[in-house]
Amino acid sequence: MNIFLYTILFIIGAFCGSFSELTAYRLPLKISWKKRAFCEKCNKELTIYDQIPILSYIFLNGKCKYCKNKIDKSKIIVEIISGILFVLLGLFYNLTINTITIIKIIELIIGGMYIIFLTTIILIDLRHKTLNDQIIIFGIIISMINIIFKYIYDKEFRPTHIIIYMIVFIITALVSTIFAKKKNRHQYLFNNIFLILIMNFFVTEIAMILTISTTLLIIGFKTILMKIYKKSTKEKIPISAYIGISNYIILLILYIIENFR
């Protein structure tokens, strides 16, 4: 029965990965959410059967049914990884048929929204080297939901450090508003600060410190490679994506250490 439960989790995760892909494509291009799904090459509207995560890609042999152009492999990769992340989320909360409760379901929903949030940020930043205000607003909303949930149900919840983060958040928002009126290039920096603050509402302090440290290592390694291969150091580094990837890596490592030591 637990295998069936985690299969369902994987399927839900794959659908969420597909949603993240859709969001990452439409948001930067300002494409309406009301518009039906379509092929990015021929603009032909897709049927429901053309959009089933993973299976559609396999059955269509990685090609659009209408124009026969190849579908980007990143789509199926994101769907598979997202499915795996949802399975790991279930393992993190020790989810089994016998332990399912309303509380655990709410925790899974909030955790799932966090995965969608991070995955979308990673995809947008890797492709467009930007961090949209809309996705940050989504992060703020799920942070508030998480705080309210913990305040009601978590007996070990400490509101003190949350208050500190919220004060920093408000100050950053005010400074960001002032700078935004002068130079738009500062907005990416401030949105990354918002991203880090949002992540603090979901993970522990040690996880956040390790995430930032790993991000700096990745950026340093990337800079060295750019110099070795004599690439322009003016090339914009996708900091938001590296923060998100680092967070996934650190959370996985901490989970392994906690459960298999």
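If you use my numbering, the sequence shown corresponds to residues 55 to 315, in order.
Beta carbons are placed, not taken as given, at the ideal position from N, Cα and C, and that holds for glycine.
**Q.** C-beta contact flag for isoleucine 216 and isoleucine 164 at 8 Å
**A.** With respect to isoleucine 164, isoleucine 216 sits apart: the two C-beta atoms are not nearer than 8 Å.
Q | Reduced DSSP category for lysine 84 - H, G, I as helix; E, B as strand; rest coil | A | The answer is coil: DSSP assigns lysine 84 none of H, G, I, E or B.
Q: Compute the beta-carbon to beta-carbon distance between alanine 91 and serine 136, rounded to the nearest angstrom, for a pair I have assumed lies under 8 Å.
A: The C-beta separation of alanine 91 from serine 136 comes to about 17 Å, leaving the pair out of contact by the 8 Å criterion.
(Q) Counting C-beta neighbours from all protein chains within 10 Å, is the total for serine 74 16 or more, i.e. buried, or is it exposed? (A) Around the Cβ of serine 74, a 10 Å sphere holds 16 or more other Cβ atoms; the residue is buried.
Q: Please state if the CB of cysteine 118 and the CB of cysteine 96 are separated by a distance shorter than 8 Å.
A: For cysteine 96 and cysteine 118, yes; Cβs fall inside 8 Å.
Q. Is the distance from the Cβ of isoleucine 250 to the Cβ of isoleucine 273 below 8 Å?
A. Taking 8 Å as the cut-off, the beta carbon of isoleucine 250 is found no closer than this to the beta carbon of isoleucine 273.
Q. Just how far apart, CA to CA, sit lysine 209 and isoleucine 293?
A. Within the model, the alpha-carbon separation for lysine 209 versus isoleucine 293 is close to 35 Å.
**Q.** lysine 183 in three-state terms, based on DSSP
**A.** Correct three-state label for lysine 183: coil.
Q) Under the three-state reduction of DSSP, which class applies to phenylalanine 256: helix, strand or coil? A) Correct three-state label for phenylalanine 256: coil.
Q.
For glutamate 133, report the span of its alpha helix (DSSP H) as first-last.
A. Per DSSP, glutamate 133 is one residue of the alpha helix (DSSP H) stretching across 127-146.
Q. What residue does the alpha helix (DSSP H) around isoleucine 112 start on, and which one ends it?
A. Here the alpha helix (DSSP H) through isoleucine 112 covers 109-113.
Q) Looking only at DSSP bridge pairs, what is lysine 117 linked to? A) Looking at the DSSP assignment, lysine 117 forms a beta bridge with Lys124.
(Q) According to DSSP, simplified to helix, strand and coil, what is phenylalanine 211? (A) Collapsing the DSSP output to three states places phenylalanine 211 in coil.
Q | serine 267 classed as buried or exposed, judged by whether at least 16 other C-beta atoms fall within 10 angstroms | A | Its Cβ having fewer than 16 others within 10 Å, serine 267 is exposed.
Q: Assign glutamate 312 to one of three DSSP states: helix, strand, or coil.
A: Three-state result, glutamate 312: helix.
**Q.** Residues of its chain near isoleucine 157, where Cβ-Cβ distance is below 7 Å and the 5 sequence neighbours each way are ignored
**A.** Only residues of its own chain outside the window of five on either side were considered, and among them Tyr207 have a CB closer than 7 Å to the CB of isoleucine 157, listed in chain order.
Q) When the Cα atoms are used, what is the spatial distance from methionine 262 to threonine 61? A) Distance between the alpha carbons of methionine 262 and threonine 61: 30 Å.
Q: Determine the DSSP secondary structure at glutamate 75, reduced to helix, strand or coil.
A: In the structure shown, the three-state DSSP call for glutamate 75 is helix.
Q. How many angstroms separate the CA atom of isoleucine 176 from the CA atom of lysine 276?
A. Each residue's Cα considered, the two are about 16 Å apart.
Q | Counted within 10 angstroms of its Cβ, other Cβ atoms place methionine 198 as buried (16 or more) or exposed | A | By the 10 Å Cβ count, methionine 198 comes out exposed.
Q.
Can you list, in chain order, the residues of its chain with a C-beta nearer than 6 Å to that of phenylalanine 64? Leave out the 5 residues immediately preceding and following it.
A. Excluding positions up to five away in sequence, the list reads Gly137 and Val141.
Q | Residue burial classification, serine 86 (beta-carbon count within 10 angstroms, cutoff 16) | A | The residue is exposed, with fewer than 16 neighbouring Cβ atoms inside 10 Å.
Q) Under three-state DSSP, which class holds glutamate 161? A) In the structure shown, glutamate 161 sits in a helix (DSSP, three-state: H, G or I).
Q | Distance, isoleucine 189 Cα to glycine 144 Cα | A | Their Cα atoms are separated by approximately 24 Å.
Q) According to the neighbour-count rule (16 or more other Cβ atoms, all chains shown, within 10 Å of its Cβ), is leucine 81 buried or exposed? A) By the 10 Å Cβ count, leucine 81 comes out buried.
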